[in-house]
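In numbering that gives the first Met the number 0, the protein residues as written are 0 to 188.
We treat Cβ as the ideally placed atom computed from N, Cα and C, and that holds for glycine.
Remarks on the structure that follows.
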Amino acid sequence: MFWLLAILAYLLGSLSFAILLSRLTGSPDPRMSGSGNAGATNMLRVAGKKLATLTLLGDLCKGLLPVVIAGVAGLSLQQQAWVGLCAVIGHLFPLYFRFRGGKGVATAAGMLLGLYPPAALLALCAWLLTFYLTRTSSLAALIATPLTLPLLAWQEPAALLPMSALTALIVWRHRGNLRDLLAGRERHF
Numbered sequence: 000m001f002w003l004l005a006i007l008a009y010l011l012g013s014l015s016f017a018i019l020l021s022r023l024t025g026s027p028d029p030r031m032s033g034s035g036n037a038g039a040t041n042m043l044r045v046a047g048k049k050l051a052t053l054t055l056l057g058d059l060c061k062g063l064l065p066v067v068i069a070g071v072a073g074l075s076l077q078q079q080a081w082v083g084l085c086a087v088i089g090h091l092f093p094l095y096f097r098f099r100g101g102k103g104v105a106t107a108a109g110m111l112l113g114l115y116p117p118a119a120l121l122a123l124c125a126w127l128l129t130f131y132l133t134r135t136s137s138l139a140a141l142i143a144t145p146l147t148l149p150l151l152a153w154q155e156p157a158a159l160l161p162m163s164a165l166t167a168l169i170v171w172r173h174r175g176n177l178r179d180l181l182a183g184r185e186r187h188f
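Here you go:
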């Protein structure tokens, strides 16, 4: 059951709501406009609030749904976390879109919401506070994601290894943003 759910989670994660919504509405392909990222933040830049909100909700749900299904199927918390990570990997490297996806933050938030809601709330608060203070989405993600690890280590240690892998992937996907942040060139809202 674990491997079947992991594969299905990857395939679900590969559905890029940013790309699908841009095609359905005739909006610019987010991979070719703005930051070039197929995610909610870039959709806000290139297609407006409505499509950005729909992208965010779709990406959040594709991280949440596999974890919930894995839990209902009786998988352990660690297995649920690995299944959720497969959904995030699908978002980062979508099979259907030549492996050019987003940065995984919203999908990771959905995964975390399904695994341990208090950690998702912590990440949301950290993201919102950082974004409010800096107006920089990438910095908010780079602070919020690793901040969940100590809480998970304390409360849900079974999820720590998959969440550490997730954190490493998100930081790696934001490596260009890190360079821009350090050089003072990162985009702000």
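Can you give me the C-alpha to C-alpha distance between residue i and residue j, rounded to a whole angstrom?
| i | j | result |
| --- | --- | --- |
| residue 139 | residue 86 | 21 angstroms |
| residue 58 | residue 73 | 24 angstroms |
| residue 66 | residue 113 | 6 angstroms |
| residue 187 | residue 36 | 15 angstroms |
| residue 63 | residue 135 | 25 angstroms |
| residue 93 | residue 148 | 26 angstroms |
Within its chain, find whatever has a CB closer than 6 angstroms to the CB of residue i; leave out the 5 residues flanking it on each side and keep chain order.
| i | result |
| --- | --- |
| residue 89 | 9, 12 and 13 |
| residue 145 | 166 |
| residue 141 | 173 |
| residue 0 | 72 |
Please classify residue i as buried or exposed, where buried requires at least 16 other C-beta atoms within 10 Å of its C-beta.
| i | result |
| --- | --- |
| residue 81 | buried |
| residue 48 | exposed |
Pick from the options: whose alpha carbon is nearest that of residue i?
| i | options | result |
| --- | --- | --- |
| residue 84 | 73, 102 and 96 | 102 |
| residue 76 | 45, 16, 156 and 52 | 156 |
| residue 119 | 38, 143 and 132 | 143 |
| residue 30 | 24, 38 and 23 | 38 |
| residue 23 | 41, 0, 50 and 33 | 50 |
| residue 40 | 55, 169, 115 and 185 | 55 |
| residue 137 | 71, 169, 182 and 32 | 169 |
Given residue i, which residues of its chain have a CB within under 8 angstroms of its CB, disregarding the five upstream and five downstream residues?
| i | result |
| --- | --- |
| residue 15 | 37, 90, 93, 95, 96, 100 and 101 |
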